[in-house]
Structure formats: structure tokens, C-alpha cells
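**Student:** Here it is: the structure, laid out below.
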Amino acid sequence: MEERVPSKLTGKCFCGAVHYEVADEFLYAANCHCSDCRRTTGSAFKPFAGIEREKFLLTEGEDKLLIFGDQSGHNAHCCQCGSLLYSLVRDGAYVHVAMGTLVDDPSIRPTEHIFVGSKAGWFTITDDLPQYQEHVIAGSDQQ
Ligand SMILES: [Zn+2]
Ligand SMILES: [Zn+2]
């Protein structure tokens, strides 16, 4: 068996001021239909992928971040173009990368729809992924 070297993925905001690098080792990925995710992205839902914070690295434009929230949890946008790049969650231990900002194709795919109870009425889910009214596991703090 060849040992697989975990590869790095890159991502960036719309204007290119902020760049990041993340290990292709996401622990989970989902499409979140909650109203917060809809508003921060301006979209029907937010596809995001979760990973330990230390596996995520800002490589350019850290001083260009607009942080909405605090040290224990926040959304990080580019202050120039407004792209939502990632969210710091679960007391700062994990990062939820907004998958739309990835440049490279990750190994993981969203495996479920969450917060479908808050879904926009004008959007219809047309795939066969499992749907959850809220979190997948009650009491977990993924967003
Ligand atoms: Zn930008
Ligand atoms: Zn959400």
C-alpha cells in the first residue's frame, strides 16, 4: 500500500485579496439551509465543509478580513469584496469553509441537507441526499 500524502486545497475570495490553504481532509460537509447561511451567502443554502482549525491557513490577505463575531465563533469575509470565506465554529476549534470559495476540487462532497426546516420556500431540493430539519445529530453545534 502506498502511503497517501494528504494534499492541500487552495481557496480565495471574489476579488482575490484573501487566499487560504486547507488540507484535503474535511471531516464532514453539508448544505445548510438556515436563514443565517442564506443571508451571509445571498443564496438558497450554503455548502460548507468542516475541518480542524489547525488544518486551515490564511496565506494572503489576513489583514483584509472582515470578522463578524468574536474569538469563539465568527464569519470571515473579505473586507473588499464581501465574499464569505469561512466560519470559525465550535468554540474556535473548527473551521467551516464556504465551499464556493474553494479553487481546487475537494475529495469530500456534501452528504446531507441540514436546517431544511428553515429552507426558503422558493427553493426545491431535487437531489436524494438525506434531509434533516435541524442538525444531523441533535445537540451538536455545527452550523
Ligand atoms: Zn475579496
Ligand atoms: Zn446555516
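FYI, the numbering for the sequence shown is 1 to 143, going by the UniProt record's numbering. Every residue, glycine too, gets a C-beta built ideally from N, C-alpha and C. Source: prediction; values computed, not measured.
Quick check: what's the CA-CA separation for residue 11 versus residue 86?
**Tutor:** Taking the first residue of the sequence shown as position 1, residue 11 is located at position 11. Taking the first residue of the sequence shown as position 1, residue 86 is located at position 86. Going by the C-alpha atoms only, they are around 10 angstroms apart.
**Student:** If you pair each beta-carbon of the segment 90-103 with each one of the segment 8-28, do three or more pairs fall below 8 angstroms?
**Tutor:** Touching, yes.
**Student:** Put residue 63 into one of helix, strand or coil per three-state DSSP.
**Tutor:** The residue given as residue 63 occupies position 63 in the sequence shown. Three-state result, residue 63: helix.
**Student:** Assign residue 37 to one of two classes, buried (16 or more other C-beta atoms within 10 Å of its C-beta) or exposed (fewer than that).
**Tutor:** Translated into positions along the sequence shown, residue 37 becomes position 37. Label assigned to residue 37: buried.
**Student:** Can you tell which of 77, 127, 116, 115 has the C-alpha that lies nearest to the C-alpha of residue 41?
**Tutor:** Against the sequence shown, residue 41 aligns to sequence position 41. Residue 77 is the option with its Cα nearest to residue 41.
**Student:** Can you tell me which of the three DSSP states residue 81 falls into?
**Tutor:** If you number the sequence shown from 1, residue 81 lands on position 81. Three-state result, residue 81: coil.
**Student:** Spatial neighbours of residue 132 within its chain, please: CB distance less than 8 angstroms, with the 5 preceding and 5 following residues excluded, ordered by chain position.
**Tutor:** To locate residue 132, count along the sequence shown from 1; it is residue 132. Closer than 8 angstroms at the Cβ level, and outside the excluded window around residue 132, lie 112, 113, 114, 115, 116.
**Student:** Given 7 angstroms as the limit, tell me if residue 68 has its C-beta closer than that to any heavy atom belonging to ligand 1.
**Tutor:** In the sequence shown, the residue the question calls residue 68 occupies position 68. For ligand 1, not one heavy atom lies less than 7 angstroms from the Cβ of residue 68.
**Student:** So, are the CB atoms of residue 50 and residue 26 less than 8 angstroms apart?
**Tutor:** Position 50 of the sequence shown, counted from the start, is the residue given in the question as residue 50. Position 26 of the sequence shown, counted from the start, is the residue given in the question as residue 26. For residue 50 and residue 26, yes; Cβs fall inside 8 angstroms.
**Student:** Can you tell me the Cβ-Cβ gap for residue 88 and residue 79, rounded? I've got them flagged as a contact below 8 angstroms.
**Tutor:** The residue you call residue 88 lines up with position 88 of the sequence shown. The residue you call residue 79 lines up with position 79 of the sequence shown. Actually they are not in contact, since the Cβ atoms of residue 88 and residue 79 sit about 16 angstroms apart, beyond 8 angstroms.
**Student:** With a threshold of 16 other CB atoms inside 10 Å of the CB of residue 47, please say whether the residue is buried or exposed.
**Tutor:** Working through the sequence shown from its first residue, we reach residue 47 at position 47. So residue 47 ends up on the buried side.
**Student:** Is it buried or exposed for residue 83, if we count other Cβ within 10 angstroms and need 16 for buried?
**Tutor:** As a working note, residue 83 is residue 83 in the sequence shown. Counting Cβ neighbours within 10 Å, residue 83 comes out buried, since at least 16 surround it.
**Student:** Counting by C-beta, which residues lie closer than 6 angstroms to a heavy atom of ligand 1, in chain order?
**Tutor:** 13, 14, 15, 17, 18, 78, 80, 81, 83
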